[in-house]
Structure formats: C-alpha cells, structure tokens
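First the structure, in the form of structure tokens, and then the observations on it.
Residue numbers (this note's numbering): 8 to 316.
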C-alpha cells in the first residue's frame with residue numbers, strides 16, 4: 008500500500024513535556040519503531056506537526072532582541088529540517104542500511120482571498136501581558152487574542168491549495184524512498200500581485216495538508232497519529248466512548264473541538280470522501296495495529312453509520 012502517516016506535533020512532543028531535544032528524540036524513536044514495522048512492502052510518506060517546535064523557536068527569538076524575529080515561513084522551514092533529520096536518523100537505525108530516505112522542504116500555496124485571513128485564530132509564540140501584547144501589535148501589525156490571563160499573537164490558518172513538491176515526492180516514492188515532507192502543514196506561500204511566490208505569516212493545518220498530500224499521491228491509507236488512541240465522544244466525561252468506525256456524514260454531525268480533534272476529523276472525512284479510501288485517527292504507538300485494521304477510528308464511505316468500542 009501507499010501510506011501517508013501524519014505525526015501530530017503533540018505526539019512528537021507530548022503535552023506538558025519540557026521542550027528538550029532529548030524528549031523530542033525519544034518520542035520520535037517511538038514513532039520510528041512503529042513506522043519501521045510497516046515499511047516492508049509499502050510505500051511510505053511521513054508528514055508531521057511542528058507547533059511546539061515553532062513555539063520554542065519563537066520563544067528563543069523573543070529572547071534575542073538585537074534583530075527582528077525570523078518570519079513564520081522561515082521558522083517552518085527550519086523545523087521541517089530539524090524534525091526530518093531526527094525521523095530519518097531514527098528510522099535509519101531500525102531499517103536496512105541501504106533503505107533510502109529524503110526530507111523535502113515543502114512549499115504549500117494558499118489563496119490570498121481565503122477568509123481565514125480576515126479572522127486570525129491560530130496562536131503562536133510566547134505569552135504576553137495585555138500591555139506588552141498591545142504594544143507589539145501596534146509596532147508589528149500583529150493580531151492578538153486572550154490566552155487565559157495573558158495574550159498571544161494569532162495568525163491566519165488558511166486551507167492548503169497546492170503542494171508544489173508533489174511531483175518530486177512521487178518520483179522518490181517510485182524509487183522506493185521513504186519521504187518526510189509537508190512538516191507543520193508545509194511552508195505557507197502565495198503569489199503576490201507581481202506574480203512572484205513568497206512566504207507569508209500564516210500556519211497551515213497539518214492534518215488538512217496531510218489529507219491533500221494523501222489525495223494527490225493516490226494513497227491507499229491516511230493515518231493521522233496523535234496522542235490519543237481514537238476520536239471520542241463526550242471526551243473526559245463518564246459517558247465518553249471511542250469511535251471505531253464512521254461514515255464521514257455521521258462523524259461530522261458529532262462536532263469536535265476546533266483546537267484539537269476537529270481538524271483531524273475534517274481531514275479524515277475529506278480524504279475518505281474525495282478518494283473512497285480509508286483514513287484512520289489513532290495513537291502514535293498504535294501505527295502498526297492501525298495499518299492492520301485493529302486500532303483507531305476508521306473513517307470510510309464504505310459503510311453507513313457509526314460504531315463504538
């Protein structure tokens with residue numbers, strides 16, 4: 008099978024963990040062990056989140072005031088290289104020495120008219136007091152929003168429109184290469200009025216980009232790996248139930264939080280509808296079982312309704 012595995016940023020750096028290189032590598036080792044088990048006989052593409060990593064770079068940049076912070080598209084490119092390097096190395100330690108890998112910096116086009124630009128919602132970087140936030144907003148033209156009793160910068164999260172490197176990704180897959188790409192939803196870019204492509208201050212949702220990637224690669228399976236073992240209803244309540252299988256129409260009726268499971272459900276439903284194939288939401292540690300059909304929430308148009316476990 009041709010499989011796209013989308014590793015969540017919180018799966019690579021779990022909630023509440025100190026943002027150290029050691030912790031990140033340990034979590035990537037967990038992912039690599041699972042991915043290595045499905046490598047034989049399959050074509051693999053690995054996408055990944057980068058939220059905690061971009062947040063850390065933003066914090067580090069804020070501490071060095073001699074120069075202006077690098078823009079988000081550049082930070083995205085930095086994290087694609089950093090995380091891709093670790094994934095390549097840890098997978099390479101588990102697979103045969105001649106197994107080929109490639110990490111691709113992945114530019115993704117967005118529409119300048121996307122309504123997300125009129126309503127920035129994606130928080131990034133450090134927290135500020137209200138006074139600091141308003142001062143920075145006035146100085147830098149930022150949008151800000153409350154985050155608990157503090158404030159953070161928020162940016163637009165437009166939908167991915169085109170993945171520029173889709174052809175080289177296909178070429179590498181045809182040669183048996185395991186490809187790491189579309190990190191953090193890809194590097195957000197758009198064409199200016201002068202017809203030139205440029206990076207922008209935005210964040211593309213990783214799951215929606217992975218869905219588009221899997222669709223354009225004609226993938227047989229999309230695996231959205233996160234830090235929980237399925238999509239749940241009534242999460243955190245005594246009545247919570249895990250979803251075993253669902254038709255996209257039924258799954259979307261349930262309503263999921265936009266800041267957590269919502270984008271994953273949307274991405275899974277989009278892939279299932281457009282391709283007639285299966286998307287699965289599940290735990291990073293269950294990737295092998297997910298591919299075997301034994302774990303996670305399976306989203307497909309093959310069966311009507313919804314079932315629980």
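Every residue, glycine too, gets a C-beta built ideally from N, C-alpha and C.
Here the structure is a predicted model, which means the values were calculated and not measured.
- Task: Return the CA-CA distance between residue 55 and residue 200, expressed in angstroms with no decimal places.
- Result: 31 Å
- Query: Relative to the C-alpha of residue 110, which residue among 146, 118 and 99 is closest?
  - Reply: 99
- Task: For residue 169, name the three-state secondary structure that DSSP assigns.
- Result: It is a strand residue.
- Query: Tell me which same chain residues have a C-beta within less than 6 Å of the C-beta of residue 83, skipping the five on either side of it?
  - Reply: 191 and 194
- Item | DSSP three-state assignment for residue 256, whether helix, strand or coil | For residue 256, the three-state secondary structure derived from DSSP is helix.
- Message: Quick check: the Cα distance between residue 28 and residue 108, rounded to an integer number of angstroms?
- Response: 21 Å
- Message: When you compare the CB positions of residue 306 and residue 245, do they come within less than 9 Å of one another, or not?
- Response: no
- Task: Measure how close the beta-carbons of residue 117 and residue 78 come, nearest whole angstrom, since I'm counting them as under 8 Å.
- Result: Cβ atoms of residue 117 and residue 78 stay farther apart than 8 Å, at about 15 Å.
- From residue 219 to residue 63, what distance separates their C-alpha atoms? Distance from the CA of residue 219 to the CA of residue 63, rounded to the nearest whole angstrom, comes to 27 Å.
- Over the uninterrupted beta strand (DSSP E) stretch that includes residue 116, give me the two end residues. 114 to 116
- Message: Quick check on DSSP: helix, strand or coil for residue 205?
- Response: Residue 205: strand per DSSP, three-state reduction.
- Query: Where does residue 57 land, buried or exposed, given buried means 16+ other C-beta within 10 angstroms?
  - Reply: Around the Cβ of residue 57, a 10 Å sphere holds 16 or more other Cβ atoms; the residue is buried.
- Item | Pair within 9 Å by beta-carbon distance, residue 24 and residue 97 | no
- Within the same chain, show all residues whose beta-carbon is closer than 8 Å to that of residue 169, passing over the 5 residues directly before and after it, in chain order. 115 and 116
- residue 276: which of 217, 266, 247 and 87 sits nearest, CA to CA? 217
- Message: Could you pull the DSSP bridge partners for residue 228 from this structure?
- Response: 10 and 285
- Whose C-alpha, out of 51, 231 and 41, is nearest the C-alpha of residue 278? 231
- Report all residues from its chain with a CB closer than 6 Å to the CB of residue 287; omit the five preceding and five following residues, and keep chain order. 230, 297, 303 and 305
- Message: Only counting the same chain, and skipping five residues up and downstream in sequence, which positions put a Cβ closer than 7 Å to that of residue 311?
- Response: Only 254 meet the Cβ criterion.
- Going by C-alpha distance, which of 9, 196, 202 and 135 is nearest residue 209? 196
- Message: Can you look up residue 50 in the DSSP assignment and give me helix, strand or coil?
- Response: strand
- Put residue 159 into one of helix, strand or coil per three-state DSSP. Residue 159 falls in the strand class under three-state DSSP.
- Task: Could you say which of 150, 228 and 249 lies nearest to residue 237 if we only look at CA atoms?
- Result: Nearest of 150, 228 and 249 to residue 237, Cα basis: 249.
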